[in-house]
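Numbering (my numbering), first residue to last: 1034 to 1150.
Put into structure tokens, the structure is as follows:
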């Protein structure tokens, strides 16, 4: 598996990469751990359309970003050095990126905002 996940938006991929670095864990391991706990609804209604598929991708991407971010925020390193991280701006940057990734988790979201000349 590549480090970048094709179904995630670029900002979601950046957040996942950042989380993996902070946790000193490969992205693949985060995916495996997440997928063992995440229960996707495998029964799609008859006649489901692309919107239902996109909503499922958004749900997966959003929950995966939350999972990775929560793991980082739960580490002792963050708690011990929170004042330093706030002062140097790294905490604000990380949480801002988390928010953006949560708002636009899927690559399909990103494509819908692409301007065509």
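We put the beta carbon where it would ideally sit given N, CA and C, even for glycine.
Predicted, not measured: the structure shown is a model, and the values here were computed from it.
Got a sec? Which residues, its chain only, sit under 7 Å from residue i by beta carbon, not counting five neighbours each side?
i            : result
residue 1102 : 1048, 1052 and 1131
residue 1105 : 1052, 1055, 1056 and 1111
residue 1140 : 1039, 1040, 1041 and 1042
Could you tell me which of the options sits nearest to residue i, measuring between CA atoms?
i            : options                   : result
residue 1055 : 1116, 1107 and 1135       : 1107
residue 1133 : 1099, 1105 and 1117       : 1099
residue 1070 : 1059, 1050, 1060 and 1093 : 1093
residue 1138 : 1091, 1128, 1066 and 1124 : 1091
Can you list, in chain order, the residues of its chain with a C-beta nearer than 6 Å to that of residue i? Leave out the 5 residues immediately preceding and following it.
i            : result
residue 1157 : Nothing can be reported for residue 1157: it is not among the residues displayed for the chain, which extend from 1034 to 1150.
Out of curiosity, what's the CA-to-CA distance linking residue i and residue j?
i            : j            : result
residue 1037 : residue 1063 : 12 Å
residue 1113 : residue 1119 : 12 Å
residue 1109 : residue 1115 : 10 Å
residue 1142 : residue 1122 : 28 Å
residue 1127 : residue 1068 : 23 Å
residue 1124 : residue 1061 : 24 Å
residue 1065 : residue 1117 : 32 Å
residue 1058 : residue 1129 : 22 Å
Could you please give me the residues that DSSP links to residue i through a beta bridge?
i            : result
residue 1041 : 1139
For residue i, collect the residues of the same chain with a Cβ closer than 8 Å to its Cβ; drop the 5 residues on either side in sequence, then sort them by chain order.
i            : result
residue 1046 : 1037 and 1038
residue 1050 : 1036, 1037 and 1060
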